[in-house]
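A.B. asks: Counting in the numbering used here, the sequence shown runs from 18 upward without gaps.
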Amino acid sequence: MKYYRLNFFKYSYLKRIIPALLLLVLIVFIFKYAVSHTNSHDRYFNGVFPPQSPSEVPYGIAFPSLKFDTPLTFNTIPHQNKLVVGQRDGKIYWFENDQKTTDKNLLADLSDEVGVVWDGGFLGLTIHPNFGTTGKNYFYVFYSSEDSNNKDFPDFYSTLGCDTEEFWGNYLVLERFEVNPITLKLKTGSRNLLLKLRMYGTTHRGGGLQFGNDGFLYLATADQTARVKSQDIKNNLDGGVLRLDVDKDPEKSHRPIRKIQKHGYEDEISGLEYWIPNDNPFLSPDGTNYEEYYTLGHRNPHRMTKDRESGLFYIGEIGEDTHEEINVIQKGKNYGWPIFEGDEPGPNCGIKMYNDMPHEYPLVSFPRTDANCIIGGFVYRGDKIPNLYGKYICADYGNGEEMWSVDIKTGDYTLLGNFAPADIVSFGEDAQGNIYILKQGEDVNLYTIMPSTISYEGFPKNITETNIFKNLQTLEVSDDLTPYNLIESSWSDGAYKKRWMFIPNTGTNENEAEKISFSENEEWEFPIGSVLIAHLDLPIDDKNPQLTKKIETRFSIKGHDGKFYFLTYNWNDEQTEATLQKESIDEQVAIKTKDFGVRYQNWHFPSNTECIVCHNGASKGSLGFRTKNLNMEFPHNNTKINQLVNLSDKGIINKIITDNDTESLPTHKPLNDDTATLNDRARSYLDLNCGYCHRPDTGNRAEFDLRLFNSLEETGLLNAGTLTPLGIDGERILVPGNAEKSILFQRMLSTETTTMMPPLAKGVVDEDAVILIRDWINQLQISIN
Numbered sequence: 018m019k020y021y022r023l024n025f026f027k028y029s030y031l032k033r034i035i036p037a038l039l040l041l042v043l044i045v046f047i048f049k050y051a052v053s054h055t056n057s058h059d060r061y062f063n064g065v066f067p068p069q070s071p072s073e074v075p076y077g078i079a080f081p082s083l084k085f086d087t088p089l090t091f092n093t094i095p096h097q098n099k100l101v102v103g104q105r106d107g108k109i110y111w112f113e114n115d116q117k118t119t120d121k122n123l124l125a126d127l128s129d130e131v132g133v134v135w136d137g138g139f140l141g142l143t144i145h146p147n148f149g150t151t152g153k154n155y156f157y158v159f160y161s162s163e164d165s166n167n168k169d170f171p172d173f174y175s176t177l178g179c180d181t182e183e184f185w186g187n188y189l190v191l192e193r194f195e196v197n198p199i200t201l202k203l204k205t206g207s208r209n210l211l212l213k214l215r216m217y218g219t220t221h222r223g224g225g226l227q228f229g230n231d232g233f234l235y236l237a238t239a240d241q242t243a244r245v246k247s248q249d250i251k252n253n254l255d256g257g258v259l260r261l262d263v264d265k266d267p268e269k270s271h272r273p274i275r276k277i278q279k280h281g282y283e284d285e286i287s288g289l290e291y292w293i294p295n296d297n298p299f300l301s302p303d304g305t306n307y308e309e310y311y312t313l314g315h316r317n318p319h320r321m322t323k324d325r326e327s328g329l330f331y332i333g334e335i336g337e338d339t340h341e342e343i344n345v346i347q348k349g350k351n352y353g354w355p356i357f358e359g360d361e362p363g364p365n366c367g368i369k370m371y372n373d374m375p376h377e378y379p380l381v382s383f384p385r386t387d388a389n390c391i392i393g394g395f396v397y398r399g400d401k402i403p404n405l406y407g408k409y410i411c412a413d414y415g416n417g418e419e420m421w422s423v424d425i426k427t428g429d430y431t432l433l434g435n436f437a438p439a440d441i442v443s444f445g446e447d448a449q450g451n452i453y454i455l456k457q458g459e460d461v462n463l464y465t466i467m468p469s470t471i472s473y474e475g476f477p478k479n480i481t482e483t484n485i486f487k488n489l490q491t492l493e494v495s496d497d498l499t500p501y502n503l504i505e506s507s508w509s510d511g512a513y514k515k516r517w518m519f520i521p522n523t524g525t526n527e528n529e530a531e532k533i534s535f536s537e538n539e540e541w542e543f544p545i546g547s548v549l550i551a552h553l554d555l556p557i558d559d560k561n562p563q564l565t566k567k568i569e570t571r572f573s574i575k576g577h578d579g580k581f582y583f584l585t586y587n588w589n590d591e592q593t594e595a596t597l598q599k600e601s602i603d604e605q606v607a608i609k610t611k612d613f614g615v616r617y618q619n620w621h622f623p624s625n626t627e628c629i630v631c632h633n634g635a636s637k638g639s640l641g642f643r644t645k646n647l648n649m650e651f652p653h654n655n656t657k658i659n660q661l662v663n664l665s666d667k668g669i670i671n672k673i674i675t676d677n678d679t680e681s682l683p684t685h686k687p688l689n690d691d692t693a694t695l696n697d698r699a700r701s702y703l704d705l706n707c708g709y710c711h712r713p714d715t716g717n718r719a720e721f722d723l724r725l726f727n728s729l730e731e732t733g734l735l736n737a738g739t740l741t742p743l744g745i746d747g748e749r750i751l752v753p754g755n756a757e758k759s760i761l762f763q764r765m766l767s768t769e770t771t772t773m774m775p776p777l778a779k780g781v782v783d784e785d786a787v788i789l790i791r792d793w794i795n796q797l798q799i800s801i802n
């Protein structure tokens, strides 16, 4: 009986509990589904934006089966369908000029002699124009040697100056060797010196090496970090284009009179295996000056190439502070350095133009907004791209990676596109006039210039067509967007910013490929098709800063190639619409002053190219989207929640983060946070406003890393060399205890394009930040070695 009643009780209990359990399971399942499943979001804000940037790439991979380690020279072997590529490390290869070729062959290995020092290495190669003829089977090479300890040293950026000379035991070598025209092998014992010059500092080598149509050899040399050398043809062979007769024709040339081994240091050599053309422009029968000079006044003519049609030489000349130059070489001309930089006065150093010569102005003087480190190319004479015929092709190394075509008659230049693989260091040309791109890096491809078009077809013409705003007046946004904020915005001339993100998914947040890849200290990686939006409002009343004008809405879109591209929309005066801004422009914005007057503030709308300067490859295309900048509370469903926790809960990032975790994660300290230390606030500001560029792998020439996770010693600020002095006695990048002598502080004070930092789109000084950084520097008590 008891047994029966017990079983009956169990049966009755289960009869009641099973439906409840099933209901609970169903509720849990529905809740889990609701949390992990959302409305599907198609890439590119549901297809509103195209998967590629407006600028179609004007290049493609050449010889896809071949890879090189930082190729720097590219030559065609005369009368053969073969190409020669020299690597920065001194290894020289040849291969068939056939896109299907799979083999590269070692022609010579000079790596035991070549010193890969800062921007040195194997810099130039040219082949005698009569190669294949007995007695003319010569290759000529120009390189920096290893140091006195047979090492690739120095490997740091040295200080620039007017007469700086830092000798580390390296030399700049111009050398000739014989090559078998059939086997294309270096002939043993055939190497001969022409020049051996002391290498000073760690940069500015020149390296352009070409034969002219006159049969003479032309070599471009640089100032070797000592500016005055470019106006001195008595004491050195630097800062000019040298013209040499390597055939030593007695009807055209004479033996060198002045040799550096007699008038310089005994370990230097000049005047071997060449004579001086009788019509060189700086002849000196009494031996007072070096007669090798054809032109002078050059700073750093990294690449020099010949237009096969006109025979003229073009130089891409890397500037110091204000401009990059393209110069057309003319006999006996003075290109002005250091008295001039581009079209404007240079650092001068208290000297005059040699012999009071006039300044030969450049064909192109690129401002800093368009180029940071110009790499000279070729005048296009191929037949595959008719619209480029007769245009000079060049590019910028680092930052924007812009590729330019230049009208050789007017100097006007046009953007061809941006080189996404980054780090162009040289160009090449084959017998058919095709132009090749050589980039820095290990195991890299060669590239070739190809036809391209720049079109905004398919892009939203105005903000309405983007569908991001439900209401253009209130800026109520689409439900598909997720708002976010930063602890502090980077400085944008006083503008306020609102931000949203769009992360594509297929209706579930369980797919790792559809999530943002989280990193505690480094950059976050976004799924392809993600869209980040920043809207900027500019205060237009000094008395009431809350009175604003919609000025600009910016989009960062991660394209199908894994790179971000950028669009900006310019709001009209009526505040009813914003139109796609296709080119960078400046507009004057009227602002009421406190005394009821009106002042005008310049607002710069950046181009896609300018955006890439800051949103560079090292930053992975996004700037503020970092753990330290997002680690804050944010309004959510009538309450507040930590942004990182919210993104984790929604499955937007691939990291589980709880409230307890946020305390140990890095956190930006805003400049007005009185609870934070002065050091934390200053370092946070520099990280946010400077660290996206002043860090490794950006192509920027400064040698310090301002990211927050570095200690002050690890940033390199305390021992960084001064790239461009401001003329302040005792100046350094950072002088602890003295803001006035600190270049970092002085650049923050400036709105001059040649001096200011950040270098783009800055028209107003961030006064609060200036005070912060001044106080921080002045209280530092650290000794500098």
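Using N, Cα and C, we set each Cβ at its ideal position, and we do this for glycine too.
Taking just the CA atoms, how far does Gly-450 sit from Val-396?
C.D. replies: Cα-Cα distance, rounded: 9 Å.
A.B. asks: According to DSSP, what are the bridge partners of Phe-383?
C.D. replies: The partner list for Phe-383 (beta bridge, DSSP) reads Glu-341.
A.B. asks: Kindly indicate which three-state DSSP category His-577 falls into: helix, strand or coil?
C.D. replies: Note: His-577 maps to coil in three-state DSSP.
A.B. asks: Quick check: Leu-261 and Glu-309, are their CB atoms within less than 8 Å of each other?
C.D. replies: Yes, the Cβ-Cβ distance between Leu-261 and Glu-309 is below 8 Å.
A.B. asks: Output yes or no for whether 8 Å exceeds the beta carbon distance between Thr-585 and Val-65.
C.D. replies: No; because the gap between Cβ atoms is not below 8 Å, this pair is not in contact.
A.B. asks: My output table needs one value for Gln-798: the three-state DSSP class, helix, strand or coil.
C.D. replies: The answer is coil: DSSP assigns Gln-798 none of H, G, I, E or B.
A.B. asks: Which stretch, first to last residue, makes up the beta strand (DSSP E) that contains Phe-476?
C.D. replies: Premise fails: Phe-476 is in no beta strand (DSSP E) and is neither H nor E.
A.B. asks: Using 10 angstroms around the beta-carbon of Ile-629, count the other beta-carbons present and answer buried if the total reaches 16, otherwise exposed.
C.D. replies: Ile-629 is buried by the Cβ-count criterion.
A.B. asks: If you measure between the beta carbons of Gly-463 and Leu-83, is that distance less than 8 Å?
C.D. replies: Just to set this straight, residue 463 is Leu in the shown sequence, not Gly. It is a contact, given that the beta carbons lie within the stated cut-off.
A.B. asks: Return the chain-ordered list of same chain residues with a C-beta closer than 8 Å to the C-beta of Tyr-50, the five sequence neighbours on each side being excluded.
C.D. replies: At Tyr-50 the pLDDT is 39, less than 50, meaning the model places this residue with poor confidence; the figure from the coordinates comes in the next sentence. Same-chain partners within the cutoff: there are none.
A.B. asks: Can the beta-carbon of Leu-555 be found less than 8 Å from the beta-carbon of Trp-620?
C.D. replies: In contact: Leu-555 and Trp-620 (Cβ atoms closer than 8 Å).
A.B. asks: Can you tell which of Asn-154, Phe-651, Lys-657, Gly-186 has the C-alpha that lies nearest to the C-alpha of Gly-132?
C.D. replies: Checking every option, the nearest Cα to that of Gly-132 belongs to Gly-186.
A.B. asks: I need the straight-line Cα distance from Asp-792 to His-711, nearest angstrom please.
C.D. replies: In a straight line, the C-alpha of Asp-792 is about 21 Å away from that of His-711.
A.B. asks: Kindly indicate which three-state DSSP category Ala-79 falls into: helix, strand or coil?
C.D. replies: Correct three-state label for Ala-79: strand.
A.B. asks: Run the CB neighbour count on Pro-362, radius 10 Å, all protein chains shown included, and call it buried at 16 or more, exposed below.
C.D. replies: With fewer than 16 Cβ atoms within 10 Å of its Cβ, Pro-362 is classed as exposed.
A.B. asks: What does a CB cutoff of less than 7 Å around Lys-348 pick up in its chain, not counting 5 residues either side in sequence?
C.D. replies: Pro-298, Tyr-311.
A.B. asks: Please report the Cβ distance between Lys-213 and Tyr-188, rounded to the nearest whole angstrom; I am assuming they are in contact, meaning their Cβ atoms lie under 8 Å.
C.D. replies: Right, the Cβ-Cβ distance comes to about 5 Å (below 8 Å), so this counts as a contact.
A.B. asks: Quick one, are the C-beta atoms of Gly-415 and Cys-390 less than 8 Å apart?
C.D. replies: It is a contact, given that the beta carbons lie within the stated cut-off.
A.B. asks: Please name the residue in Pro-403, Gly-744, Gly-218 whose C-alpha comes closest to that of Ser-469.
C.D. replies: Nearest C-alpha to Ser-469: Pro-403.
A.B. asks: Give a yes or no on whether the C-beta atoms belonging to Asn-114 and Asp-447 are separated by under 8 Å.
C.D. replies: Against a cut-off of 8 Å, the Cβ pair of Asp-447 and Asn-114 comes out as a contact.
A.B. asks: Got a sec? Which residues, its chain only, sit under 6 Å from Pro-198 by beta carbon, not counting five neighbours each side?
C.D. replies: The residues are Gly-149, Asn-154.
A.B. asks: Judging by CA-CA distance, which residue of Arg-215, Gly-225, Asn-230, Thr-593 is the nearest neighbour of Asn-252?
C.D. replies: Looking at the Cα atoms, Arg-215 is the closest of the given residues.
A.B. asks: So Gly-137 and Ser-161 are in contact, right, with Cβ under 8 Å, and what is the actual spacing, rounded?
C.D. replies: Rounded, the Cβ-Cβ distance is 3 Å, consistent with contact.
A.B. asks: By the DSSP assignment, the beta strand (DSSP E) with Phe-486 in it spans what residues?
C.D. replies: Taken as a continuous stretch (DSSP letters only), the beta strand (DSSP E) holding Phe-486 covers 486-488.
A.B. asks: CA-CA distance, Arg-643 and Met-649?
C.D. replies: Computed Cα separation, rounded: 12 Å.
A.B. asks: Return the chain-ordered list of same chain residues with a C-beta closer than 8 Å to the C-beta of Ile-452, the five sequence neighbours on each side being excluded.
C.D. replies: Closer than 8 Å at the Cβ level, and outside the excluded window around Ile-452, lie Gly-394, Phe-395, Tyr-397, Gly-399, Ile-410, Phe-444, Gly-445, Glu-446, Thr-465, Ile-466.
A.B. asks: CB Gly-218 to CB Thr-238, shorter than 8 Å?
C.D. replies: In this structure, Thr-238 does not lie closer than 8 Å to Gly-218 by Cβ.
A.B. asks: Using CA atoms only, rank isn't needed, just tell me which of Gly-107, Gly-641, Asp-666 is closest to His-653.
C.D. replies: Of the listed residues, the one whose Cα sits closest to His-653 is Asp-666.
A.B. asks: May I ask you to report which of helix, strand or coil DSSP gives Asn-122?
C.D. replies: Reduced to three states, the DSSP call for Asn-122 is strand.
A.B. asks: Where do the N-terminal and C-terminal ends of the beta strand (DSSP E) with Ser-443 fall, by residue?
C.D. replies: Ser-443 -> beta strand (DSSP E) spans 441-446.
A.B. asks: Looking at the structure shown, is Ile-790 part of a helix, part of a strand, or coil, going by DSSP?
C.D. replies: Helix at Ile-790.
A.B. asks: In terms of alpha-carbon separation, which member of Leu-100, Lys-686, Tyr-709, Asn-502 lies closest to Ile-550?
C.D. replies: That would be Asn-502, whose Cα lies nearest to the Cα of Ile-550.
A.B. asks: Buried or exposed for Gly-353, please, with buried defined as at least 16 other CB atoms from any protein chain shown within 10 angstroms of its CB.
C.D. replies: So Gly-353 ends up on the buried side.
A.B. asks: How many Å lie between His-145 and Phe-80 at the Cα?
C.D. replies: His-145 and Phe-80: Cα-Cα distance of roughly 25 Å.
A.B. asks: Who does Val-101 pair with in a DSSP beta bridge?
C.D. replies: For Val-101, which the question treats as bridged, DSSP gives the partners Asn-92, Trp-111.
A.B. asks: May I ask you to report which of helix, strand or coil DSSP gives Phe-62?
C.D. replies: Of the three classes helix, strand and coil, the one that applies to Phe-62 here is helix, per DSSP.
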